[in-house]
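Below is one structure, written out as structure tokens; comments come after it.
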Amino acid sequence: MKRETHSGENLSKPLEKDGRPFPHHLTEAQMKRLMEAFRSWRESAGKAHTQRVRGRYWLTFILLRFTGARIGEVLKVRDDKDIDLARGEVRIAPSPTSPGKSLRTIPLPPEALEDLAHYLKAFPHMKGKVFALDQGNFRREFYQRAQEARIPRELSHPHILRHTRAMELLDAEVPLTVVRDILGHSLTSTTAVYLRRKEMTIRSILRDKGLL
């Protein structure tokens, strides 16, 4: 089944055998627009107070975007204990709703590390509490930036970054077991849902091009 969104994009809703929907994700163009919307919003801050507040939202967005972690996991990250700037990695504790899962360490890109270092240099009193945001407030700001980036409403939520990161990693031919460990899945079969989504996307493209 396909339906037209307000942005003019077609979103299919394929289902797994058990009836659950496959996860949607952002396209490369959508991800680029969303990052630019967040970056512009942060850089347009005037007063120091606004810079401090928006900087925290930007860093939280960046951490979600590059780790594929759940929002509840990222908001519990302690920048003074869980992020190693020298090694370029973050330690993510499992969500309280995911018992039995272990701590995982995820590498971060230089951009994220540099932005955090610059933020803490400008606002040293924020050390240890950069990511301690209210989840509801973050979701509202995320939605606003997503609307500015012309992201369909149904994709305008933080968890979409988790789905998108999973698809990026698979598109880059990162082994499924590595993607599983990054996302913190207990079972490889859970991660394999994204692989099946990728296969269906390829089939859809070929069909639209008249090649199937």
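Be aware that the sequence shown starts at 46, since it is given in the numbering used here, and climbs by one per residue.
Built from N, CA and C at the ideal position, the CB exists for glycine as well.
Please read these numbers as outputs of a predicted model, since none were measured by experiment.
Could you say which of Q180, F187, E218 and G173 lies nearest to D127 if we only look at CA atoms? Position 82 of the sequence shown, counting from 1, holds the residue named residue 127. The shortest Cα separation from D127 among Q180, F187, E218 and G173 belongs to G173.
Touching or not, the region 205-220 and the region 80-95, by the rule of three or more beta carbon pairs under 8 Å? no
Only counting runs of 3 or more residues, tell me where the beta strand (DSSP E) segments fall wholly within the region 143-200, in order along the chain. 149-152
Run through DSSP, which three-state label would E134 get? Mapped onto the sequence shown, residue 134 falls at position 89. It is a strand residue.
Can you say whether R185 is buried or exposed, counting buried as having 16 or more other CB atoms within 10 angstroms of its CB? For the purposes of this step, residue 185 is taken as the residue at position 140 of the sequence shown. It is exposed - the Cβ of R185 has fewer than 16 other Cβ atoms within 10 Å.
Counting along the chain, where does the alpha helix (DSSP H) carrying L109 start and finish? The sequence position of residue 109 within the sequence shown is 64, counting from 1. Taken as a continuous stretch (DSSP letters only), the alpha helix (DSSP H) holding L109 covers A93 to T112.
Can the beta-carbon of L228 be found closer than 7 Å to that of G117? Counting from 1 along the sequence shown, the entry for residue 228 is found at position 183. Counting from 1 along the sequence shown, the entry for residue 117 is found at position 72. No; because the gap between Cβ atoms is not below 7 Å, this pair is not in contact.
Cα-Cα separation, I107 to K92: Numbered from 1 along the sequence shown, position 62 holds the residue referred to as residue 107. Numbered from 1 along the sequence shown, position 47 holds the residue referred to as residue 92. Approximately 22 Å between the Cα atoms of the pair.
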